[in-house]
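>
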Amino acid sequence: MVKSSRTLLLLVSSAVALGISLFAGTGLMASMVMWLAINVLITASFRFVMLIGELNFAIAGFVGLGAYAAGASMVLFDLPFVFTLFIGAVVAGLVSLPFGYITLRAKGAYFMLISFAFTEVIRMIYTKVEIFGGNSGMVGIYVPVYLNDYYPTFVVAVVLLLLYMLYRVEKSDFGKVLVAIRNNDAIVETVGINVHLTKVLCVGISSFVAGIGGALLAYSNSVISPGDFGFLLAVYTLAYLKVGGESHIMGAVVGAVVLTLLAQAAMTLGPFEHIFYGAAIVISVLVMPNGLIGLFKGRFVKRPSADTALAGHSHKGL
Numbered sequence: 009m010v011k012s013s014r015t016l017l018l019l020v021s022s023a024v025a026l027g028i029s030l031f032a033g034t035g036l037m038a039s040m041v042m043w044l045a046i047n048v049l050i051t052a053s054f055r056f057v058m059l060i061g062e063l064n065f066a067i068a069g070f071v072g073l074g075a076y077a078a079g080a081s082m083v084l085f086d087l088p089f090v091f092t093l094f095i096g097a098v099v100a101g102l103v104s105l106p107f108g109y110i111t112l113r114a115k116g117a118y119f120m121l122i123s124f125a126f127t128e129v130i131r132m133i134y135t136k137v138e139i140f141g142g143n144s145g146m147v148g149i150y151v152p153v154y155l156n157d158y159y160p161t162f163v164v165a166v167v168l169l170l171l172y173m174l175y176r177v178e179k180s181d182f183g184k185v186l187v188a189i190r191n192n193d194a195i196v197e198t199v200g201i202n203v204h205l206t207k208v209l210c211v212g213i214s215s216f217v218a219g220i221g222g223a224l225l226a227y228s229n230s231v232i233s234p235g236d237f238g239f240l241l242a243v244y245t246l247a248y249l250k251v252g253g254e255s256h257i258m259g260a261v262v263g264a265v266v267l268t269l270l271a272q273a274a275m276t277l278g279p280f281e282h283i284f285y286g287a288a289i290v291i292s293v294l295v296m297p298n299g300l301i302g303l304f305k306g307r308f309v310k311r312p313s314a315d316t317a318l319a320g321h322s323h324k325g326l
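Here it is, written out as structure tokens:
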């Protein structure tokens, strides 16, 4: 019953998201739908690495790699649209493998600092390479004509598909190994699992998804610049997850949607925009340590009835 309720909720949410995207048109509403969907995807990919207990601030770098790889494939080589999305994902995923292999021997704050440095190095490379447009960025990353009116729907559909993929991986045996590594990697080693390579694969999957998010973002904006993929992108992503809740992938969805909409509302406050936005995040984390998703978690957890609990107690007594 509980599982069917969750499934129904997810199906209804997906249908609503697709429905909104179909009627979004091509103006501000369409842009908002795409920003929401892409922020959700990036947040979910960031959360995936948290399954092994690490904060990967290099996520911004991998989003940027996906965006620049897809943009360059289209602008410089005029490759087919779908192929450029795949290139963005593959480039981000492949670069993440040596990055993860080298850096994941560090843990906690050390890994976090290294991942931050990686993001800044990648960002600086964009500013120095002329084919990427330097500080001015890359322009002319246009969606093909046949997708002009349906690109928001395409983005939402791709994001929903990737969210489902991440969810299924998390619930698989591989996902359970990732959580076990977070809890106690030494014990996992004793059963013959290569913890280090498993962590690297986890980062690779996350970066592949983040790369697609970056590619979708490049086409959504039609222009990208190094400043779009700095450290602040990772900080905002962490904020989305903390506000939404990190215990379930739906936390990434809720947090990204709520804070993205809140950021748009805060823009009307002028110089007080960042104060309001920051205060909202701080208050949310203090009042709801388990995030917004934690407020509703109890509604989907099957509690034993009084008779069941009494029967269990009597059984123990016997």
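Residue numbers for the sequence shown follow this note's numbering, beginning at 9 and rising by one. For every residue, glycine included, the Cβ atom is placed at its ideal position computed from N, Cα and C.
For a quick check, are the C-beta atoms of LEU225 and ILE67 less than 7 Å apart?
no
> By the three-class DSSP mapping on this structure, what secondary structure does ILE149 have?
Three-state DSSP puts ILE149 in coil, outside helix and strand.
> At which residue ranges does the region 104 to 157 contain complete alpha helix (DSSP H) runs of 4 or more residues, listed in the order of the chain?
116 to 136
> Would you call the region 174 to 187 and the region 232 to 245 in contact, with 3 or more CB pairs under 8 Å?
With a cut-off of 8 Å, the region 232 to 245 and the region 174 to 187 do not count as touching, because too few Cβ pairs lie within range.
> Mark HIS256 as exposed unless 16 or more other C-beta atoms lie within 10 angstroms of its C-beta, in which case mark it buried.
buried
> In whole angstroms, what is the alpha-carbon distance linking ALA317 and THR268?
Note that ALA317 scores 40 on pLDDT, short of 50, meaning its location in the model is unreliable; the coordinates nonetheless yield the value given after this. Taken atom to atom, the span from the alpha-carbon of ALA317 to that of THR268 is near 43 Å.
> Identify which residue in MET132, PHE94, ALA80, LEU63 has its Cα closest to the Cα of THR111.
LEU63
> From which residue to which residue does the alpha helix (DSSP H) around VAL164 run?
According to the DSSP assignment, VAL164 belongs to the alpha helix (DSSP H) that extends over 159 to 179.
> Could you give the DSSP three-state label for VAL231: helix, strand or coil?
strand
> Are there 16 or more other CB atoms within 10 angstroms of the CB of VAL137, so buried, or fewer, so exposed?
VAL137 is exposed by the Cβ-count criterion.
> Which value, in whole angstroms, describes the spacing of the CA atoms of GLY212 and ILE195?
23 Å
> From what residue to what residue does the alpha helix (DSSP H) around ALA68 run?
Judged by DSSP secondary structure, ALA68 falls within the alpha helix (DSSP H) whose first and last residues are 67 to 83.
> Near PHE54, what residues of its chain come up, given a Cβ to Cβ distance below 6 Å and the 5 sequence neighbours on each side ignored?
ILE67, THR245
> Count the other CB atoms, across all protein chains shown, that sit within 10 Å of the CB of ASN229; report buried if there are 16 or more and exposed otherwise.
buried
> Can you tell me whether PRO279 is helix, strand or coil according to DSSP?
Secondary structure at PRO279: helix, using DSSP grouped into helix, strand and coil.
> Looking at C-alpha atoms only, which residue of ALA271, ALA242, ALA287, VAL217 is the closest neighbour of GLY96?
It is VAL217.
> Are the CB atoms of LEU171 and ALA52 within a distance shorter than 7 Å?
Yes, these two residues count as a Cβ contact at 7 Å.
> Determine contact between the region 81 to 90 and the region 276 to 284, defined as no fewer than three beta-carbon pairs at a distance below 8 Å.
no
> Is PHE65 near the ligand ADP, in the sense that its beta carbon is under 6 Å from a heavy atom of that ligand?
Of the ligands one can find in the structure shown there are none, so the ligand ADP has no counterpart to examine.
> In terms of residues, what are the limits of the alpha helix (DSSP H) holding ASN47?
36 to 58
> When burial is assigned at 16 or more other CB atoms within 10 Å of the CB, is ILE291 buried or exposed?
An exposed status is given to ILE291, since fewer than 16 other beta-carbon atoms sit within 10 Å of its beta-carbon.
> Identify the continuous alpha helix (DSSP H) that holds ILE257 and give its terminal residues.
257 to 274
> For ILE130 versus GLY69, is the C-beta distance shorter than 7 Å?
yes
> Is the beta carbon of MET258 less than 7 Å from the beta carbon of ILE301?
yes
> Between the alpha carbons of GLY141 and LEU241, how many angstroms are there, rounded?
Approximately 20 Å, taken between the alpha carbons.
> Enumerate in chain order the residues of its own chain whose CB-to-CB distance from LYS115 is below 6 Å, with the five nearest sequence positions on each side excluded.
none
> Relative to the alpha-carbon of ALA38, which residue among VAL151, VAL99, ASP157 has its alpha-carbon at the smallest distance?
ASP157
> Does GLU197 pass the burial test, meaning 16 or more other C-beta atoms within 10 Å, or should it be called exposed?
Burial call: exposed.
> Might you give, ordered along the chain, the residues of its own chain that have their beta carbon closer than 7 Å to the beta carbon of MET275, omitting 5 neighbours on each side?
The answer, listed in chain order, is GLU281.
> Less than 7 Å separating the beta-carbons of LEU59 and VAL185?
no
> State the start and end residues of the unbroken alpha helix (DSSP H) segment that holds VAL249.
Here the sequence assigns Leu to residue 249, which means Val is not the residue at that position. 239 to 252 is the extent of the alpha helix (DSSP H) around LEU249.
> Tell me which same chain residues have a C-beta within less than 8 Å of the C-beta of HIS321, skipping the five on either side of it?
Legend: pLDDT at HIS321 = 45, less than 50; position of this residue unreliable, value from coordinates given subsequently. Taken in chain order, the list of residues that qualify is empty.
> Identify which residue in LEU105, LEU73, PHE94 has its Cα closest to the Cα of LEU205.
LEU105
> Short of 8 Å in beta carbon distance, which residues of its chain neighbour LEU270, apart from the five on each side in sequence? Order them along the chain.
TYR285, ALA288
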